[in-house]
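Here's the structure, in structure tokens; my notes come after.
Number of protein chains: 4
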Amino acid sequence: MTATPADMRQQLQQIIAITPFARSMGARVREFAEGLAELEIDVKPELMHQHHGFVHGAIVGFMADSACAWAAASLAGDVVTAEYKLNLLAPAKGERLWARGKVLKAGGRLLVVQADVFAVDQGREKHVAVALATIAKAGAA
Amino acid sequence: MTATPADMRQQLQQIIAITPFARSMGARVREFAEGLAELEIDVKPELMHQHHGFVHGAIVGFMADSACAWAAASLAGDVVTAEYKLNLLAPAKGERLWARGKVLKAGGRLLVVQADVFAVDQGREKHVAVALATIAKAGAA
Amino acid sequence: MTATPADMRQQLQQIIAITPFARSMGARVREFAEGLAELEIDVKPELMHQHHGFVHGAIVGFMADSACAWAAASLAGDVVTAEYKLNLLAPAKGERLWARGKVLKAGGRLLVVQADVFAVDQGREKHVAVALATIAKAGAA
Amino acid sequence: MTATPADMRQQLQQIIAITPFARSMGARVREFAEGLAELEIDVKPELMHQHHGFVHGAIVGFMADSACAWAAASLAGDVVTAEYKLNLLAPAKGERLWARGKVLKAGGRLLVVQADVFAVDQGREKHVAVALATIAKAGAA
Numbered sequence: 001m002t003a004t005p006a007d008m009r010q011q012l013q014q015i016i017a018i019t020p021f022a023r024s025m026g027a028r029v030r031e032f033a034e035g036l037a038e039l040e041i042d043v044k045p046e047l048m049h050q051h052h053g054f055v056h057g058a059i060v061g062f063m064a065d066s067a068c069a070w071a072a073a074s075l076a077g078d079v080v081t082a083e084y085k086l087n088l089l090a091p092a093k094g095e096r097l098w099a100r101g102k103v104l105k106a107g108g109r110l111l112v113v114q115a116d117v118f119a120v121d122q123g124r125e126k127h128v129a130v131a132l133a134t135i136a137k138a139g140a141a
Numbered sequence: 142m143t144a145t146p147a148d149m150r151q152q153l154q155q156i157i158a159i160t161p162f163a164r165s166m167g168a169r170v171r172e173f174a175e176g177l178a179e180l181e182i183d184v185k186p187e188l189m190h191q192h193h194g195f196v197h198g199a200i201v202g203f204m205a206d207s208a209c210a211w212a213a214a215s216l217a218g219d220v221v222t223a224e225y226k227l228n229l230l231a232p233a234k235g236e237r238l239w240a241r242g243k244v245l246k247a248g249g250r251l252l253v254v255q256a257d258v259f260a261v262d263q264g265r266e267k268h269v270a271v272a273l274a275t276i277a278k279a280g281a282a
Numbered sequence: 283m284t285a286t287p288a289d290m291r292q293q294l295q296q297i298i299a300i301t302p303f304a305r306s307m308g309a310r311v312r313e314f315a316e317g318l319a320e321l322e323i324d325v326k327p328e329l330m331h332q333h334h335g336f337v338h339g340a341i342v343g344f345m346a347d348s349a350c351a352w353a354a355a356s357l358a359g360d361v362v363t364a365e366y367k368l369n370l371l372a373p374a375k376g377e378r379l380w381a382r383g384k385v386l387k388a389g390g391r392l393l394v395v396q397a398d399v400f401a402v403d404q405g406r407e408k409h410v411a412v413a414l415a416t417i418a419k420a421g422a423a
Numbered sequence: 424m425t426a427t428p429a430d431m432r433q434q435l436q437q438i439i440a441i442t443p444f445a446r447s448m449g450a451r452v453r454e455f456a457e458g459l460a461e462l463e464i465d466v467k468p469e470l471m472h473q474h475h476g477f478v479h480g481a482i483v484g485f486m487a488d489s490a491c492a493w494a495a496a497s498l499a500g501d502v503v504t505a506e507y508k509l510n511l512l513a514p515a516k517g518e519r520l521w522a523r524g525k526v527l528k529a530g531g532r533l534l535v536v537q538a539d540v541f542a543v544d545q546g547r548e549k550h551v552a553v554a555l556a557t558i559a560k561a562g563a564a
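Structure (structure tokens):
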């Protein structure tokens, strides 16, 4: 891969721009390097909350899954999530969510990636979820 | 629990009505009985697609997680998802998604629930995801 | 695949015979067909118990993992477990354990398999665990 | 908890001594502190191998599950594994396996724990598996 980090980041932002769900979430790239991806969103309560006033688990899942897939894509190009497991550690409460995906193992066709999701509530950060995912290179499922 | 199935179903629809994310997805109850819950949504491509033109994995995750949580709630009242694992079996393509959650084991504080998610494409149904979740009674995490 | 079910079953029993851990567990094939595998073991308390007098979770995991891998092997030949998730539903107590693995989806390189593990205690059967696994064809990880 | 680390460690070694499966594996405590547990075993090929000559996945699962349960026990006393997910990263090959479990979140009744398993082959260490587990305080399932 001869792309520079700036190229890679720009390419990812273009993918987000043509991904309706990611765009509707307002997903932004924080970091994007080989084997690592971070994204963040501003919480829009009227769209993203569940009935207890926290961010809906599906949004937390979106953050974790995206961080894993993007981190894998940084090494493997076009990828498909084969599976992930998500543990919710605390209610996701606050004005912003961010997630970091890190590749633990990059095999020829499968990548194992871990993600951590954080909520920022009045500036204070809380670890709200952890995920472990298996991502396949596209065409390799 | 002395609620009738019709009571339970109405109660669940009221919860959806006050859950911004579920409402924005247009989630509807298909079935709701002791240990079983089914929901469905119409696919809105401009909101729900990813960049290959399939329904975004986060929506599939929402369907699986909701089916699990609702199935657990049918037996245990207010619940919290502790964790789930989702295997994506095929791209989610079509005009409608539906999911069924079934409680496999209801313990005193934890429930183990399986969910299956289906996509309906021009009337033909495809199994697109399977999930296994651990749901905790509220206050029991 | 032109092998008959009897051929397949014999082949699997030969693999067990050269697999030290499976042999030391006394694993036997119950059923082996395309997309399905069942195995059973007699519980040897002096080897398999944990400190509460139940069968150790590692043995339950062995049963689930083996059932998944064998079910996948029935369709895909030589395979490798990429990952599995195991939910323990009840203490595994009794004189015998058996497990059934069923392929939910066989892709070109990955197979998704579900397993259920049962304990037989004085002739009565109990569902003690459920697993969901991703199995890769050998050389495809 | 007023037990000293040395007390805790000794208590854990006594539990292993009365746990037939852990004892038959030759499990030893490496580290045991609040929220952290490490164990190791010497590989006995004639008991622990699978048919390709690597350590059987069930042994890797035993290491991961034990590290998670012990790490949880360091904070919560008597515990039960509710579920775990294990990703196998590389074949487990060598003369020794060791595992580290770290508590990521200790809730009132549930603990989320991560484990990493390493194989030592001719003195060189390899990361062979990662696990994410939900452990319940005994009586809280």
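Residue numbers (our numbering), protein chains in the order written: chain A, 1 to 141; chain B, 142 to 282; chain C, 283 to 423; chain D, 424 to 564.
Glycine residues also receive a C-beta, built at the ideal position from the N, C-alpha and C atoms.
Residue i versus residue j: straight-line alpha-carbon distance, rounded
| i | j | result |
| --- | --- | --- |
| LEU386(C) | ARG164(B) | 31 angstroms |
| ALA355(C) | GLY458(D) | 39 angstroms |
| ALA309(C) | ALA381(C) | 11 angstroms |
| GLY249(B) | GLN50(A) | 25 angstroms |
| LEU470(D) | MET448(D) | 9 angstroms |
| GLN151(B) | VAL325(C) | 48 angstroms |
| ALA247(B) | GLU172(B) | 19 angstroms |
| GLN155(B) | LEU251(B) | 24 angstroms |
| PRO287(C) | ALA353(C) | 13 angstroms |
| SER489(D) | LEU435(D) | 11 angstroms |
| HIS101(B) | ALA231(B) | With chain B covering 142 to 282 only, the question about residue 101(B) has no answer from this structure. |
| VAL253(B) | VAL112(A) | 25 angstroms |
| ASP116(A) | ASP539(D) | 16 angstroms |
Proximity below 8 angstroms, CB of residue i to CB of residue j
| i | j | result |
| --- | --- | --- |
| GLU518(D) | THR557(D) | no |
| ALA487(D) | ALA552(D) | yes |
| PHE306(B) | LEU238(B) | Summary: the structure shown does not reach residue 306(B), with chain B confined to residues 142 through 282, and so no result is reported for it. |
| LEU180(B) | VAL196(B) | no |
| LEU555(D) | LYS102(A) | no |
| ALA418(C) | VAL362(C) | yes |
| ALA374(C) | VAL342(C) | yes |
| ALA279(B) | ASP219(B) | yes |
Outcome for residue i when other beta-carbon atoms lying within 10 angstroms are tallied against a minimum of 16
| i | result |
| --- | --- |
| PRO186(B) | exposed |
| ARG547(D) | exposed |
| GLN255(B) | buried |
| PRO302(C) | buried |
| ASP430(D) | exposed |
| HIS409(C) | exposed |
| ILE323(C) | buried |
| ALA17(A) | exposed |
| GLN122(A) | exposed |
Assumed close pair residue i, residue j - CB separation to whole angstroms, cut-off 8 angstroms
| i | j | result |
| --- | --- | --- |
| ALA499(D) | PHE344(C) | That pair is no contact at about 26 angstroms. |
Listed by chain order, chain E residues near residue i by CB distance under 8 angstroms
| i | result |
| --- | --- |
| LYS85(A) | No chain E appears in the structure shown, which is made up of the protein chains A, B, C and D. |
*asked:* If the cut-off is 9 angstroms on Cβ atoms, which residues from the region 237 to 253 of chain B count as contacting chain D, listed in chain order?
replied: GLY248, GLY249, ARG250, LEU251 and VAL253
*asked:* So if I threshold CB-CB distances at 9 angstroms, which residues from the region 458 to 471 of chain D count as touching chain C?
replied: Only those residues of the region 458 to 471 of chain D whose C-beta falls short of 9 angstroms from the nearest C-beta of chain C are listed: LYS467, PRO468, GLU469, LEU470 and MET471.
*Note down, in chain order, all residues in the region 49 to 78 of chain A with a beta-carbon under 8 angstroms from any beta-carbon belonging to chain D.*
none
*Just by C-beta distance, which residues in the region 126 to 137 of chain A are closer than 7 angstroms to chain C?*
Taking 7 angstroms as the Cβ-Cβ cut-off against chain C, the residues of the region 126 to 137 of chain A that qualify are THR134 and ALA136.
*Residues within the region 289 to 305 of chain C neighbouring chain D, beta-carbon criterion of under 7 angstroms*: ILE297, ILE300, THR301, PRO302 and PHE303
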